[in-house]
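A quick write-up on the structure given underneath.
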Amino acid sequence: MLYNLYNNQQTHHIPLDLVITKRTTQSLYNLATACTDKSKAGLPETAMAAVATPLSVFSIFFILTSIPVPSFPCPIHQKQALLRFKSTLTAIFDANSDPTSDDFVPFEELDSWNPKSDCCTWDRVNCTRTRNKTRIVTELHFDAVVPLFVDVVPVFSNVLGPLFEIQSLKLLDISMNSLVGEIPGDGFGNLTGLVHLDMMQNSFNGSIPDQLFRLTNLRYLDMSTNSLEGGLGPELGSLRNLTTLTLSVNNFQGMIPLELFKLESLRFLDLSNNSLQGGLSSDVGKLRKLESLKLNENFLTGSLPEEIGNLTKLRELWLGKNQFTGEIPYSVENMKDLESLDLSGNSFSLQIPAGLGRLPNMTTLDLSKNQFVGPIPSSMQNLSKLETLQLKNNKLTGEIPTWLFEIKTLKKLFIGGKGNRLFWNNKAKIVPKCKLEQISMSSCGFSGQIPEWISSQIDLNLLDLSQNQLEGKFPNWLAKMDIGSIILSDNNLTGSLPPRLFESLSLSILALSRNNFSGELPENIGTARAIMVLMLSGNNFSGKIPKSISNIYRLLLLDLSRNRFSGDDFPVFGDNPLLAYIDLSYNEFSGKIPVTFSTETQILSLGGNRFSGDLPRNLTNLVNLEHLDLHDNNITGNFHDVLPQIPNLQVLSLRHNSLTGFIPRTISNLTSLRILDVSGNKLTGNIPPEIGNLAKMINTPDVLATYDIFNVLIEFQDLIVNWKNSFQGLSSRSLDIYSFLDLSDNGISGEIPASLGNLKGLKLLNISHNDISGNIPVTFGNLKGIESLDLSHNEISGSIPQSLGKLDQLSILDVSNNRLTGRIPVGGQMSTMNELKYYANNSGLCGMQIRLVCPEDVRPSEVQDDENENDSWILWQATWIGFPVGFFSSILLMGYSLNFLQLFKFW
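Encoded structure:
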């Protein structure tokens with residue numbers, strides 16, 4: 000029996016360190032038998048029968064575990080390969096580390112790798128005994144083994160080279176190492192015995208090499224969180240033994256290959272966070288062993304196939320943030336094991352099927368951000384295990400059912416939101432049976448005071464009742480609840496804030512914008528040191544900002560805009576290491592511009608106040624600043640002397656101040672600048688040609704950044720710009736795709752530099768109300784992204800270039816009040832530019848847009864006919880004029896003659 004166990008130990012993975020031969024086994028058996036026989040002499044036969052067998056087994060076990068038996072070490076070539084791998088990592092660490100630095104952390108991950116010891120005893124290395132009694136390396140657990148550096152140091156994928164010599168590997172985990180470069184296909188092609196391969200969370204790029212698809216023994220493959228790209232081809236179908244395939248958070252494109260649905264052993268499939276397109280094939284129903292399917296955050300389209308209901312073992316189905324349409328298939332009701340269903344962020348429509356309420360194991364249901372209509376199905380009250388229900392931002396109608404609060408397991412409830420037509424019965428008496436942790440019921444028709452039944456939810460950490468019609472003061476019972484996030488913006492709440500609110504050690508988000516709160520902020524506001532987001536804009540708060548606010552060390556976002564705060568003595572935020580967003584615009588602050596901000600500040604909005612004095616030079620110290628808005632103040636000084644030289648600056652608005660001087664050539668050093676507004680100042684001089692080198696105005700992204708650092712929607716204040724001849728607000732969430740240049744209403748002179756035509760990313764260019772002369776550059780035809788071009792109220796002469804006909808995005812062209820002549824170009828959008836006011840007060844424009852024929856468009860025959868008509872008209876006019884003139888002249892002469900004769904006779 001012992002021998003059989005040894006022969007099968009590789010199959011059963013018994014970790015024995017003894018080598019037991021047949022001879023050893025037989026000797027031990029004889030020894031045990033002899034001991035038993037000898038002991039029989041002094042015992043009765045019945046007693047011997049009772050103790051013989053246990054004694055024999057105990058003796059054999061004791062001897063087996065006591066006698067030392069030699070053990071075979073791992074193969075020398077495998078040991079050497081591992082030592083070379085360690086040597087490479089150590090060399091990289093030594094070359095990029097400073098032992099004298101305060102941040103120095105020694106590299107100790109592989110300290111157990113002693114060249115004199117057996118590599119099978121090393122950390123992160125597992126071995127298996129073979130049939131010929133030797134041991135080989137079969138598992139390498141190298142997750143997060145690459146050392147971390149204070150400054151990013153790329154470690155390339157060729158560091159893996161020595162590992163590919165260990166062809167006995169069954170498991171290889173190289174996850175979380177930030178390895179850079181393409182996946183070494185030839186190397187992985189050597190590891191044909193791999194069963195488990197984990198490459199998660201590196202920086203691999205390129206496509207999946209063909210050699211990986213030859214590893215047909217693979218059961219587990221995780222390549223998530225890399226930068227892999229290209230399409231997923233039919234080669235995936237060759238990995239027939241896969242039970243887990245995770246390719247999420249990459250850049251894969253194209254369709255999901257049908258061959259993937261032939262991997263009938265799959266239990267876990269994750270293709271989320273890629274750029275996959277096309278529909279979901281009905282073949283998905285063939286994956287009957289599937290327990291988890293995650294396709295969220297792609298660009299998948301079409302309707303869900305009815306065959307998805309064949310996945311009866313499915314526990315997780317995540318399809319959120321795609322472009323699916325149509326209704327939820329009724330076959331979903333077959334998924335009795337389903338625990339988590341996420342269909343959020345699509346365009347699903349019609350009513351929510353009642354069958355969803357008959358899935359007994361459902362714990363998480365997210366249908367938010369779709370087009371569902373009708374009421375909330377009453378069948379959902381049967382979901383006895385439901386913990387999270389998200390139905391926000393749909394088109395649901397009807398009264399919000401009170402039975403929602405009778406689901407005992409419910410912890411998170413998100414309903415209402417944009418577009419919904421649900422309404423709350425303000426007379427309903429609620430006695431919740433659940434213990435809610437998160438309540439989000441924005442735009443649900445709440446009126447009156449904040450419902451007091453909320454006070455019974457002692458585990459509450461999020462309360463969002465924004466965009467309702469709530470009235471009254473901020474209740475003291477709510478201030479005492481120690482809630483993490485309170486969002487009550489866009490209501491009609493009044494009064495001052497209770498100081499008790501800021502005694503909370505849990506409060507992290509407080510959003511009370513656009514209410515009617517008043518009074519001064521409590522002096523103890525700085526006691527709430529856990530606040531990360533403080534949004535109080537659009538109220539009637541007044542007085543000074545309490546200096547204790549600078550004690551909130553976790554503060555990330557501070558928005559006090561559109562109130563009546565005043566004073567010139569600001570809190571010192573310089574020691575706050577996290578504060579990135581500060582908006583104090585549209586208040587009554589005065590004095591010099593404050594500079595007591597952290598170097599981590601990214602967005603600083605101080606517009607619409609009463610600040611005066613020069614633009615501080617030490618704004619340049621805010622090296623991470625991306626957005627600086629100081630419009631509508633009384634800032635003075637020479638612009639060329641005080642222009643902040645901040646390489647990361649993307650938005651600079653100094654509109655309507657009193658800046659003098661000129662635009663310096665060094666403006667091209669602001670390599671990240673996308674929006675520049677210096678309109679309404681007293682600038683002079685020429686437009687420097689270097690302005691045409693601003694890289695972010697040449698290439699502007701056309702895709703919005705879609706990331707949120709908070710689990711609730713945080714809206715920053717709009718950026719106010721002169722957009723298409725009116726002041727409008729641009730959403731902070733759209734700024735990434737906009738590029739503006741507004742130099743209007745100054746005293747700028749000289750000619751327009753041709754280099755402005757380089758700024759292909761511009762959507763708005765406004766140089767109106769200046770003293771600019773010369774011609775419109777032909778290069779303006781290269782402004783392919785331009786939507787609004789305003790050159791009015793200058794001294795520009797010459798013709799409008801025909802190249803403007805190439806501007807397909809142009810919707811407004813204003814060249815009025817100049818000295819332009821010649822034909823207005825046609826073609827493209829130029830043919831639609833027919834508002835007369837945009838061409839008014841020029842000396843010689845013509846064209847179909849202003850319904851004035853150009854002289855060169857008049858044909859010669861028409862000119863001759865006009866001349867003949869003119870001659871005929873002159874002839875007849877002469878006749879009609881000559882006849883009466885001659886007639887009356889004759890009468891006068893005759894009369895004169897008669898009078899003369901009479902006079903002569905008298906004498």
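All letters in the sequence shown, in the order written, are residues 0 to 906 by numbering that gives the first Met the number 0.
Beta carbons: idealized from backbone N, C-alpha and C, even for Gly.
| Query | Result |
| --- | --- |
| Neighbour-count burial assignment, Ala527, 16 or more Cβ in a 10 Å radius | buried |
| Whether Gly390 touches Ile375 by CB criterion (9 Å) | It should be pointed out that residue 390 corresponds to Leu in this sequence rather than to Gly. Taking 9 Å as the Cβ cut-off, Leu390 and Ile375 qualify as a contacting pair. |
| Contact under 9 Å by Cβ, Arg314 with Lys288 | no |
| Trp317 - containing beta strand (DSSP E), residue span | 315-317 |
| Residues near Gly236 by beta carbon distance below 8 Å, same chain, minus five either side | Pro256, Glu258, Leu259, Lys261, Leu262 |
| First through last residue of the alpha helix (DSSP H) which encompasses Asn475 | 475-478 |
| Contacting residues, own chain, Cβ-Cβ under 6 Å from Ser454 (five flanking each side not counted) | Trp476 |
| Residue burial classification, Glu451 (beta-carbon count within 10 angstroms, cutoff 16) | exposed |
| Segments assigned beta strand (DSSP E), at least 3 residues, entirely inside the region 462-521 | 468-472, 484-486, 491-494, 508-510, 515-518 |
| Cross-strand partners of Ser589 (DSSP beta bridge) | Arg609 |
| C-beta atoms of Ser589 and Arg609 nearer than 9 Å | yes |
| Nonlocal neighbours in the same chain, by C-beta distance under 6 Å from Met254, ignoring five residues either side | Gly277 |
| Exposure label - Val862; buried when at least 16 CB within 10 Å | Note that Val862 has pLDDT 48, beneath the 50 cutoff, so the model's placement of it is unreliable and no number is given. |
| 3-residue-minimum beta strand (DSSP E) runs that sit fully inside the region 751-816, ordered along the chain | 763-765, 770-773, 787-789, 794-797, 811-813 |
| Gly606 classed as buried or exposed, judged by whether at least 16 other C-beta atoms fall within 10 angstroms | buried |
| Sequence-distant residues of the same chain with beta carbon closer than 7 Å to Leu916, five excluded per side | Any question about residue 916 goes unanswered here, given that the chain covers just 0 to 906. |
| Alpha carbon of Leu412 to alpha carbon of Met440, nearest angstrom | 8 Å |
| Where Arg123 sits in the DSSP three-state scheme | coil |
| Where Pro521 falls, given that 16 or more other Cβ within 10 Å makes a residue buried | buried |
| Strand pairing of Asp282, partner residues [DSSP] | According to DSSP, Asp282 bridges with nothing at all. |
| Residues that DSSP places opposite Thr659 in a beta bridge | Asn637 |
| DSSP beta-bridge partners of Gln276 | Phe298 |
| Cβ-Cβ separation, Phe347 to Glu332 (assumed contact under 8 Å), whole Å | With 8 Å as the limit, Glu332 and Phe347 do not qualify as a contact, their Cβ atoms being about 16 Å apart. |
| Straight-line Cα distance separating Gly537 from Asn632 | 19 Å |
| Length at least 3, wholly inside the region 152-233: the beta strand (DSSP E) runs in chain order | 170-172, 178-181, 195-197, 202-205, 219-221, 226-230 |
| Straight-line gap, Ser547 to Asn95 (C-alpha atoms, nearest Å) | 42 Å |
| Val194 versus Asn204, Asn680, Ser167, Ser174, residue with shortest Cα-Cα distance | Ser167 |
| Validate contact between the region 385-403 and the region 362-376 using beta carbons, cut 8 Å, 3 pairs | yes |
| Rounded C-alpha distance that separates Ile674 from Asn781 | 19 Å |
| Distance between Asn680 and Asp574 (C-alpha atoms, nearest Å) | 34 Å |
| Cutoff 8 Å; reference Phe155; Cβ partners in own chain excluding five residues on either side | Leu178, Val179, Gly180 |
| Range of the contiguous alpha helix (DSSP H) that encloses His76 | 75-94 |
| Straight-line gap, Asp93 to Ile173 (C-alpha atoms, nearest Å) | 21 Å |
| Selected residue, minimal CA-CA separation from Leu614, among Val622, Thr600, Gly636, Ile602 | Gly636 |
| Residue from Val532, Leu492, Arg513 with nearest C-alpha to Leu506 | Val532 |
| Straight-line gap, Ser597 to Pro663 (C-alpha atoms, nearest Å) | 27 Å |
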